[in-house]
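Asker: Protein chains in written order, with the numbering used here: chain A, 1 to 195; chain B, 1 to 195.
#1: What are the boundary residues of the beta strand (DSSP E) that residue 186 of chain B is part of?
#2: Express the C-alpha separation of residue 89 of chain B and residue 107 of chain A in angstroms, rounding to a whole number.
#3: Does the Cβ-Cβ distance between residue 109 of chain B and residue 147 of chain B come in under 8 Å?
#4: Between residue 114 of chain B and chain A, is the shortest Cβ-Cβ distance under 8 Å, so that the two count as touching?
#5: Can you tell me the Cα-Cα spacing of residue 92 of chain A and residue 21 of chain A, whole angstroms?
#6: Does residue 201 of chain A have its Cβ less than 8 Å from a Cβ in chain B?
#7: Hey, is residue 174 of chain B's beta-carbon within less than 8 Å of any beta-carbon in chain A?
#8: Can you check DSSP and say which residues form a bridge with residue 55 of chain A?
#9: Determine, for residue 142 of chain A, whether the minimum Cβ-Cβ distance to residues of chain B falls below 8 Å.
#10: Going along the chain, which residues of the stretch 2-15 of chain B sit with their C-beta nearer than 8 Å to a C-beta in chain A?
#11: Identify the residues that DSSP records as bridge partners of residue 104 of chain B: which are they?
#12: Pick helix, strand or coil for residue 141 of chain A, following the three-state DSSP scheme.
#13: For chain A, find out if any of its Cβ atoms is closer than 8 Å to the Cβ of residue 99 of chain B; answer yes or no.
#14: How is residue 195 of chain B classed by DSSP in three states: helix, strand or coil?
#15: Under 6 Å Cβ to Cβ from residue 63 of chain A, same chain only, skipping five residues before and after it: list those, please.
#16: Beta-carbon of residue 269 of chain B versus every beta-carbon of chain A: anything under 8 Å?
#17: Would you verify that the beta carbon of residue 29 of chain A is, or is not, closer than 8 Å to some beta carbon of chain B?
#18: Rounded to a whole number of angstroms, what is the C-alpha to C-alpha distance between residue 117 of chain B and residue 144 of chain A?
#19: What does residue 111 of chain B pair with, by DSSP beta-bridge criteria?
#20: Please confirm if the stretch 35-53 of chain A is in contact with the stretch 21-41 of chain B, defined as three or more CB-CB distances below 8 Å between the two stretches.
#21: Less than 8 Å between the beta carbons of residue 83 of chain A and residue 10 of chain A, yes or no?
#22: For residue 35 of chain B, which residues in chain A fall below 8 Å Cβ to Cβ?
#23: Output the boundary residues of the beta strand (DSSP E) element that contains residue 167 of chain A.
#24: Where do the N-terminal and C-terminal ends of the alpha helix (DSSP H) with residue 14 of chain A fall, by residue?
#25: I'd like the span of the alpha helix (DSSP H) that includes residue 125 of chain B, first residue to last.
#26: Taking 8 Å as the threshold, find out whether the stretch 118-125 of chain B comes into contact with the stretch 71-83 of chain B through three or more Cβ pairs.
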């Protein structure tokens with residue numbers, strides 16, 4: 001088949017993360033055959049989101065306003081600043097209901113091998129914000145991956161040098177898990193941090 | 001976060017087959033952060049494909065023209081008509097280079113439990129086409145799933161009643177596989193159809 005409009009759609013769908021050529025074909029045919037309304041809705045949602053979503057001037061997450069709903073909420077505790085890698089991580093923390101402070105969203109992590117350094121993820125803005133005199137504790141909630149740890153380590157060093165209290169999310173055994181199936185490094189950390 | 005444009009995008013992405021809420025979030029943030037150009041391209045491709053793709057008047061596949069490129073190719077052998085479930089199946093057969101005849105694309109399969117009968121997948125049009133005096137053999141290439149077999153069986157009965165030669169793709173051991181790992185029903189079929 002040589003159908004430019006279909007090929008263009010499949011190519012565009014393939015650019016989505018986690019979508020290969022087979023999935024893209026399946027999506028394209030599904031939309032054509034069963035969900036043309038959904039296709040138009042998706043096209044509108046894409047255009048709308050790209051036009052309207054921008055970065056919160058304070059925490060860098062995505063928002064339609066100048067300040068995101070968290071940063072503009074006067075009931076959040078401005079003394080605690082939680083640093084996360086992505087808006088998705090921030091959303092997960094919010095859903096957990098365990099944090100009432102404010103956030104700083106890095107929009108990435110330090111990736112030495114790809115040449116992504118601290119400045120590319122907004123470390124300078126984070127440092128400027130952390131020394132505003134209001135922030136008392138910076139909680140580093142970057143992922144427990146190699147790159148997340150590198151990021152946390154670099155930020156912790158810079159923040160401590162400015163006299164700030166810096167903490168990291170606890171490592172340990174996830175809720176609902178049986179010890180038998182937990183990886184050994186996690187068990188070792190949970191044992192070391194026992195309380 | 002309460003961000004209508006972002007929520008609308010995540011909801012629209014979730015309607016794609018195989019995309020759950022986590023994947024949709026990941027796609028939305030990926031587009032916002034790394035591929036705004038790709039988002040605009042996808043929006044345009046969606047609109048373009050929905051506007052321009054329609055059914056080939058002869059084989060029912062998707063095309064931008066009145067007739068698809070296969071049906072309008074005079075070098076295809078009109079005496080052989082291959083019946084497939086979807087344009088994706090047709091594309092797979094074309095890539096195999098094993099067939100030079102024409103196609104009829106059902107755009108679905110008989111699903112008795114969902115109330116999808118033969119008329120919903122174009123069986124009437126297929127029968128009308130098969131008795132045009134040119135078609136000599138109808139090759140049923142629906143899937144070897146329960147619903148694909150039901151579809152092939154129903155179509156074979158109707159086509160044979162009209163005096164047509166009806167064949168089915170061979171079942172057997174897939175290329176590149178070791179017998180040890182092939183399921184037993186496939187081995188039994190391959191043994192029965194040995195040659």
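Idealized CB from N, CA, C, for every residue including glycine.
Answerer: Answer, in terms of the structure:
#1: Bounds of any beta strand (DSSP E) do not take in residue 186 of chain B; it lies within the alpha helix (DSSP H) bounded by 184-192.
#2: Roughly 41 Å between the two C-alpha positions.
#3: Their beta carbons are under 8 Å apart, which means residue 109 of chain B touches residue 147 of chain B by this criterion.
#4: Closer than 8 Å to the CB of residue 114 of chain B there is not a single CB belonging to chain A.
#5: Looking at the two C-alpha atoms, the distance is approximately 30 Å.
#6: Because chain A spans 1 through 195 in this model, residue 201 of chain A falls outside it and cannot be assessed.
#7: At least 8 Å separates the CB of residue 174 of chain B from every CB of chain A.
#8: Answer is A:62, bridged to residue 55 of chain A.
#9: No, residue 142 of chain A does not count as interfacial toward chain B.
#10: Per Cβ criterion, the list reads 2, 3, 4, 5, 6, 8, 9, 11, 12, 13 and 15.
#11: For residue 104 of chain B, which the question treats as bridged, DSSP gives the partners B:83.
#12: Three-state result, residue 141 of chain A: coil.
#13: For residue 99 of chain B, not one C-beta of chain A is nearer than 8 Å to its own C-beta.
#14: Residue 195 of chain B: coil per DSSP, three-state reduction.
#15: Closer than 6 Å at the Cβ level, and outside the excluded window around residue 63 of chain A, lie 56.
#16: The shown model of chain B, from 1 to 195, leaves out residue 269 of chain B, and the question about it has no answer.
#17: Yes, its Cβ sits closer than 8 Å to a Cβ of chain B.
#18: Between the alpha carbons of residue 117 of chain B and residue 144 of chain A lies a distance of about 53 Å.
#19: Paired residues: B:116.
#20: For the pair of segments examined, the stretch 35-53 of chain A was found to touch the stretch 21-41 of chain B: the number of CB pairs separated by less than 8 Å reaches three.
#21: In this structure, residue 10 of chain A does not lie closer than 8 Å to residue 83 of chain A by Cβ.
#22: Near residue 35 of chain B (Cβ distances below 8 Å), the residues of chain A are 15.
#23: That run of the beta strand (DSSP E) goes 165-168.
#24: Per DSSP, the continuous alpha helix (DSSP H) segment holding residue 14 of chain A begins and ends at 4-14.
#25: Following the DSSP letters along the chain, one finds residue 125 of chain B inside the alpha helix (DSSP H) bounded by residues 123-130.
#26: With a cut-off of 8 Å on Cβ pairs, the stretch 118-125 of chain B is not in contact with the stretch 71-83 of chain B, counting fewer than three such pairs.
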